[in-house]
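Undergrad:
Protein chains: 2
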Amino acid sequence: MAAPKDPRPCSIADALALVGEKYSLLVLREVCLGNGRFDQLVRNIGAPRDILTTRLRRLVDAGILAKRPYSERPQRFEYRPTQAGLELEPVLMTLMAWGDRHLHRDDDRPMVVEHNCGNELVPVVTCSACGGQVHHADLTAHPQAPGWTVAGPTAAA
Amino acid sequence: MAAPKDPRPCSIADALALVGEKYSLLVLREVCLGNGRFDQLVRNIGAPRDILTTRLRRLVDAGILAKRPYSERPQRFEYRPTQAGLELEPVLMTLMAWGDRHLHRDDDRPMVVEHNCGNELVPVVTCSACGGQVHHADLTAHPQAPGWTVAGPTAAA
DNA sequence: TACTAGGGTTTGGTTTTCCAACCCTCACCT
DNA sequence: AGGTGAGGGTTGGAAAACCAAACCCTAGTA
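Chains as they are written, first to last, in numbering that gives the first Met the number 0: chain A, 0 to 156; chain B, 0 to 156.
(1) So with CB distances below 8 Å, who are the chain B contacts of LEU24 (chain A)?
(2) Can you list, in chain order, the residues of its chain whose CB lies under 8 Å from that of ASN34 (chain A), leaving out five sequence neighbours each side?
(3) Could you say which of A:TYR69, A:PRO68, A:GLY45 and A:TYR78 lies nearest to ASP60 (chain A) if we only look at CA atoms?
(4) Kindly indicate the opening and closing residues of the alpha helix (DSSP H) around LEU87 (chain A).
(5) Can you tell me the Cβ-Cβ gap for CYS9 (chain A) and PRO109 (chain B), rounded? I've got them flagged as a contact below 8 Å.
(6) Below 8 Å, how does it come out for the region 117-129 of chain B and the region 113-125 of chain A: are there three or more Cβ pairs, yes or no?
(7) On the three-state DSSP scale, how would you describe GLN132 (chain A)?
(8) Using 8 Å for Cβ pairs, my map puts THR81 (chain B) next to GLY98 (chain B). What's the rounded Cβ distance?
(9) Rounded to the nearest angstrom, what separates ARG28 (chain B) and LEU91 (chain B) at their Cα positions?
(10) Exposed or buried, GLY117 (chain A), counting other C-beta atoms within 10 Å across all chains shown (16 or more means buried)?
(11) Please identify, using Cβ separations under 7 Å, the residues of the region 47-59 of chain B that lie next to chain A, in order along the chain.
(12) Cutting at 6 Å between CB atoms, please list the residues of its own chain near LEU25 (chain B), excluding the five before and the five after it.
(13) Anything in chain A within Cβ reach of GLY45 (chain B), meaning under 9 Å, just list it in chain order.
(14) Does ASP99 (chain A) get closer than 8 Å to chain B when you measure Cβ to Cβ?
(15) Return yes when the Cβ of THR93 (chain A) is within less than 8 Å of the Cβ of PRO89 (chain B), no when it is not.
(16) How would you list, in chain order, the residues of chain A whose beta-carbon sits under 7 Å from the beta-carbon of ASP137 (chain B)?
(17) Taking all protein chains shown into account, decide if HIS114 (chain A) is buried (16 or more other Cβ within 10 angstroms of its Cβ) or exposed.
(18) Where DSSP assigns a beta bridge to PRO47 (chain B), which residues make up the other side?
(19) Spell out whether any CB of chain A is found under 8 Å from the CB atom of SER127 (chain B).
(20) Determine, for GLY146 (chain A), whether the minimum Cβ-Cβ distance to residues of chain B falls below 8 Å.
(21) Quick one: what's VAL162 (chain A) bridged to in DSSP?
(22) What does the alpha-carbon distance come out to for the pair LEU51 (chain B) and THR148 (chain A)?
(23) Here's a check: name, in chain order, each residue in its chain whose Cβ is nearer than 6 Å to the Cβ of ARG54 (chain B), leaving out the five neighbours to either side.
(24) Compare the C-alpha of HIS134 (chain B) against each of A:ARG67, A:LEU85 and A:HIS101 and name the closest.
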């Protein structure tokens, strides 16, 4: 019997504990776009400055962003994504595509991303082994911790 | 000069406004795993019951989940993903893979997902046009709203 | 000297979240 | 008929997160 009070151990939860707070992923968005200075972040995200301060500290501590000076005398800093941060960008792209599809039906997409193959980026999540697109019906979850199960595959409502 | 107070219009922000609150994506995780009943959600997520209630209402309103009875007399409900909800699953898989890579180096991954090609799922985000893997260096963002650039809003000229 | 800009920190008040406890309905057991 | 237990919530108060505005400090500029 698993500990009765603990939630399911899960990398999704672990990842969200780091980047799931309000504004964190938007910070990453701006930083990936190259807007890594404090007041750019304030303006482009619309977050309160103190919240931004704590988010930035947290993301730096987590190794997702790095703070580096771009000028001594006056000391000025800029935040840039680390490798780990850059590897979150596909998550952002996938989320953006979902938002474009479900929240902006009428072709008023706020931003278009171009892939350097020359086409507009439409991100698709695929299985690295077979190359096939990932669909719910093709997935089977296997929890590794004892005491945790799943209820079998679910069809859409 | 662009409106000085509004944040950058963005589908990522729009999507996060719906599913970015604490626990929302974990609800989706459980529901996709087939654990759609209230107390399963409470146990597996570890969220307070009242928060869960508001999250569920919000996700149903947003068309991401559907609430349906699985028993009359006693009336019992279950939450299941809609099509829009299922299309968020790739986001979860990508996030899980990131968490596995960066937060669980020592091979203690909490959950393994199997793709029905027979292999363990390692999700990769690709460009649907060329099939290539999406990397930061290959992307160029084109904001569509006037006044917004990737180098900061309202660029002088 | 005054004014601006960058990069924050402080202050004080509002909103969310958290947590435990409670409620209600039904079904089952005795 | 009474007790128990599960499902699906609601309620109330304390704790934490959030927010806007004001403030601070350094450095450059007029």
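Every residue, glycine too, gets a C-beta built ideally from N, C-alpha and C.
Computed from a predicted structure; not experimentally measured.
TA: Let me lay it out:
(1) ILE11, LEU15 and GLY19
(2) LEU40 and ASN43
(3) A:TYR78
(4) Note, LEU87 (chain A): premise wrong, no alpha helix (DSSP H); not H, not E.
(5) 5 Å
(6) yes
(7) strand
(8) The pair is not a contact, with the Cβ atoms about 25 Å apart (cut-off 8 Å).
(9) 7 Å
(10) exposed
(11) none
(12) ILE44
(13) LYS4, ASP5, PRO6, ARG7 and ALA12
(14) Closer than 8 Å to some Cβ of chain B, the Cβ of ASP99 (chain A) qualifies, so yes.
(15) A contact, by the Cβ cut-off of 8 Å.
(16) Neighbours of ASP137 (chain B) on chain A, chain order: HIS114 and ASN115.
(17) buried
(18) In DSSP, PRO47 (chain B) forms no bridge with anything.
(19) Answer yes: the Cβ-Cβ gap between SER127 (chain B) and chain A drops below 8 Å somewhere.
(20) no
(21) Look at the range of chain A in this structure, 0 to 156, and you will see that residue 162 (chain A) is not part of it.
(22) Going by the C-alpha atoms only, they are around 21 Å apart.
(23) TYR22, SER23 and VAL26
(24) When only C-alpha atoms are compared, the closest one is A:LEU85.
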